[in-house]
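Trainee:
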Amino acid sequence: MKNDFKRIKEGKTELLVPSVSLSEKVPPKNPAFFNPSAKWNRDVSVLIYKTYASFSKNARTFADSICGVGARGLRTAVEVPKIDTVYLNDLNPIAIELAKESAKLNEIENKCVFDINEVCKFLNFEQRDVRKFDIVDLDPFGSPSPYVDCVLRSVNNHGLISITATDTAVLCGVYPNVCYRKYYGFPIRTDYCNEIGIRLLVSFIALNASRFDLSVIPYFCHNNLHYMRVYLKVVFGNSLANSVSSKIGHLKHCRNCNHRKVENLKEHNVLCEICNSKCILAGPLWIENLFDFEFVKETLNVLEKDEYLSSSETNYKRLLRMMQICKNELAYPFYFETDSIASKAKKSSISLDKVINSLIENGFKASKTIMNDKGFKTNASSNDIINALYK
Ligand SMILES: [Zn+2]
């Protein structure tokens, strides 16, 4: 039995994990789920929670609602000292046994509370001494959509929720009907589909929140091939919740000339302003900022000050690079991509730095985006971009 499990270190934290999860290409659910390649995802989480805890009075309790072997929750307990109590829950008793053993290895048993329960029963359990949490994480297999209500009911005012979606094919437009049924919005299969997917996810959470007189404010969102992840502040009260309709809209995309425009929910015009072709609409989706720029600046402060985070084992340079790009990222709700612009222009691709410089020289605003290594945000239209780059 002993050989079935291995002790590893991730960040500052000792973790007991199933050996098979370290050898198989796709980590299995049995005996318990642990994904070693999600280290980056958990490094980002630790940075975000640490930043949030650096300014918030409400950062004492953390709920890891589908914790697996407890990697994220245990790392939070060890690496974010301001958090007093971490609640770890999973339906799999073997996973919870491993999480308990790991808590002992890190000498944090007194900070950890364990539960073996269905996610919504755990989050909305009324007999616990703590009814609502300051930070709630939801990282399910596939879509988070069935659990979003329970997460929103379980978070404190001005608390933070972090939600992962791994059904990226759905949110990126491979299965539009599934996307509508899960997220009440249509995606578009296009070169910037990941940003549209994240905006659909935020819109879905924001509309669910508004039913409970809550509103959400994105602190940070990011993605990679296998998941999209959003960090949202939750604020109680009608007045802010009432403004949700101004933050949700449609995105119009012209397949012919690559033009895009945000449309208000009520008054959208489906013809392309540039070439007059009929456009496709994505949405409803979140059309406000995906980042809180003050928060992003604060993550950079945390990264600079924190000796541990700046050690090589934490993806420090990658975190720093991402947050620096994010700090300067323009707030337009979609990006363009160098290769797809080149293919529209039937020319060869130009490097991202040159593209951004040319646009700025031509009087436009332009920035990189964390959504895509070849992506850029600009107030130039698709025609303006081609004229600035190729004519
Ligand atoms: Zn067009």
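According to the numbering used here, the sequence shown holds residues 1266 to 1656 in order.
Each residue gets a CB set at the ideal place from its N, CA and C atoms; glycine is no exception.
1. For S1419, which of helix, strand or coil comes out of DSSP?
2. What span of residues does the alpha helix (DSSP H) with S1310 cover, start to end?
3. Pull up the DSSP beta-bridge partners for T1598, would you.
4. Just checking H1515 against ligand 1 - is the residue's beta carbon closer than 7 Å to any of the ligand's heavy atoms?
5. Around ligand 1, which residues pass a check of Cβ closer than 6 Å to any of its heavy atoms?
6. Residues in the same chain with beta-carbon distance under 6 Å from H1515, minus the five sequence neighbours each way, listed in chain order, please.
7. If I'm right that I1650 touches F1601 with Cβ under 8 Å, what's the distance once you round it to whole angstroms?
8. Could you check where the alpha helix (DSSP H) with K1512 kicks off and where it finishes?
9. Which residue marks the beginning of the beta strand (DSSP E) containing K1611, and which one marks its end?
10. State buried or exposed for F1451, treating a residue as buried only when at least 16 other CB atoms are found within 10 Å of its CB.
11. Could you tell me which uninterrupted beta strand (DSSP E) segments, each at least 3 residues in length, are contained entirely in the stretch 1472-1497, listed from first to last along the chain?
12. Taking a contact to mean a Cβ-Cβ separation below 8 Å, would you say P1409 touches A1434 in this structure?
13. Using 10 angstroms around the beta-carbon of K1642, count the other beta-carbons present and answer buried if the total reaches 16, otherwise exposed.
14. If you pair each beta-carbon of the stretch 1365-1375 with each one of the stretch 1286-1294, do three or more pairs fall below 8 Å?
15. Mapping the DSSP letters down to three states, classify P1292 as helix, strand or coil.
16. Just to confirm, is the Cβ distance from E1563 to S1284 under 8 Å?
17. Sort out for me which residues DSSP pairs G1687 with in a bridge.
18. Are at least three pairs of beta-carbons, each pair with one atom in the stretch 1373-1382 and one in the stretch 1415-1428, less than 8 Å apart?
19. Comparing C-alpha positions only, which one of T1634, S1475, F1477 and S1286 sits nearest to C1599?
20. Are S1632 and E1594 closer than 8 Å when you measure CB to CB?
21. Would you call the CB atoms of Y1352 and V1311 closer than 8 Å?
22. Using a C-beta cutoff of 8 Å, does T1341 count as contacting chain C?
23. What residues are listed by DSSP as bridge partners for L1281?
24. When you compare only the Cα positions, how much space is there between N1354 and H1524?
25. Would a C-beta distance cut-off of 8 Å place L1654 and I1606 closer than the cut-off?
26. Which of helix, strand or coil does DSSP assign to C1458?
27. Measuring only the C-alpha atoms, how far is I1499 from P1483?
28. Quick one: Cα of C1537 to Cα of R1520, how far?
29. Just the C-alpha distance for N1489 and F1501, rounded to the nearest angstrom, thanks.
30. With distances taken Cα to Cα, identify the nearest neighbour of E1249 among S1321, A1324 and V1343.
31. For the stretch 1551-1558 and the stretch 1463-1474, state whether three or more C-beta atom pairs, one from each stretch, are separated by less than 8 Å.
32. Distance check for R1418 and F1560, CA to CA, integer angstroms please.
33. Tell me the DSSP bridge mates of G1640?
34. What's the C-alpha gap between R1307 and R1337?
Mentor: Put simply:
1. Coil.
2. K1304 to F1320 is the span of the alpha helix (DSSP H), which, as asked, contains S1310.
3. Per the sequence presented here, residue 1598 reads as Pro, with Thr not at that position. Per the DSSP secondary-structure output, P1598 pairs with nothing in a beta bridge.
4. No - ligand 1 has no heavy atom lying nearer than 7 Å to the Cβ of H1515.
5. Cβ atoms closer than 6 Å to ligand 1 belong to C1519, N1521, C1522, H1524, C1537, I1539, C1540 and S1542.
6. Correct list, in chain order: E1528, H1533, L1546 and G1548.
7. At roughly 6 Å, the Cβ-Cβ gap stays under 8 Å, so I1650 and F1601 are in contact.
8. Looking at the DSSP string, the run of the alpha helix (DSSP H) that includes K1512 is V1509 to K1512.
9. Element bounds for K1611: n/a, residue is neither H nor E.
10. Residue environment: F1451 is assigned as buried (16 or more neighbouring CB atoms within 10 Å of its CB, all protein chains considered).
11. The stretch 1472-1497 contains these whole beta strand (DSSP E) runs: 1479-1489.
12. Cβ distance not < 8 Å, so P1409 and A1434 don't count as in contact.
13. By the neighbour-count rule (16 or more Cβ atoms within 10 Å), K1642 is buried.
14. Contact fails: fewer than three Cβ-Cβ distances are below 8 Å.
15. Under the three-state reduction of DSSP output, P1292 falls in the coil class, being neither helix nor strand.
16. No, the pair does not count as a contact, with Cβ atoms beyond the cut-off.
17. The first residue shown for the chain is 1266 and the last is 1656, placing residue 1687 beyond what the model contains.
18. Counting Cβ pairs under 8 Å, fewer than three are found: no touch.
19. It is Phe, not Cys, that sits at residue 1599 in the sequence shown. Selected option, being the one with the closest Cα: T1634.
20. In contact: S1632 and E1594 (Cβ atoms closer than 8 Å).
21. Going by C-beta atoms, Y1352 is not nearer than 8 Å to V1311.
22. The structure shown contains no chain C; it holds only a single protein chain.
23. According to the DSSP secondary-structure assignment, L1281 is paired through a beta bridge with R1272.
24. Distance between the alpha carbons of N1354 and H1524 is about 46 Å.
25. Against a cut-off of 8 Å, the Cβ pair of I1606 and L1654 comes out as a contact.
26. In this structure, C1458 counts as helix in the three-state DSSP scheme.
27. Correcting the residue identity first, residue 1499 is Val in this sequence and not Ile. Each residue's Cα considered, the two are about 9 Å apart.
28. Put simply, the backbone Cα of C1537 is about 9 Å away from that of R1520.
29. Each residue's Cα considered, the two are about 31 Å apart.
30. Since the first residue of the chain shown is 1266 and the last is 1656, residue 1249 is not available in this structure.
31. When Cβ pairs closer than 8 Å are counted between the two stretches, the stretch 1551-1558 is seen to touch the stretch 1463-1474, the count reaching three or more.
32. Taken atom to atom, the span from the alpha-carbon of F1560 to that of R1418 is near 24 Å.
33. Partner residues in the beta bridge of G1640, as assigned by DSSP, are E1602.
34. So the two alpha carbons sit approximately 6 Å from each other.
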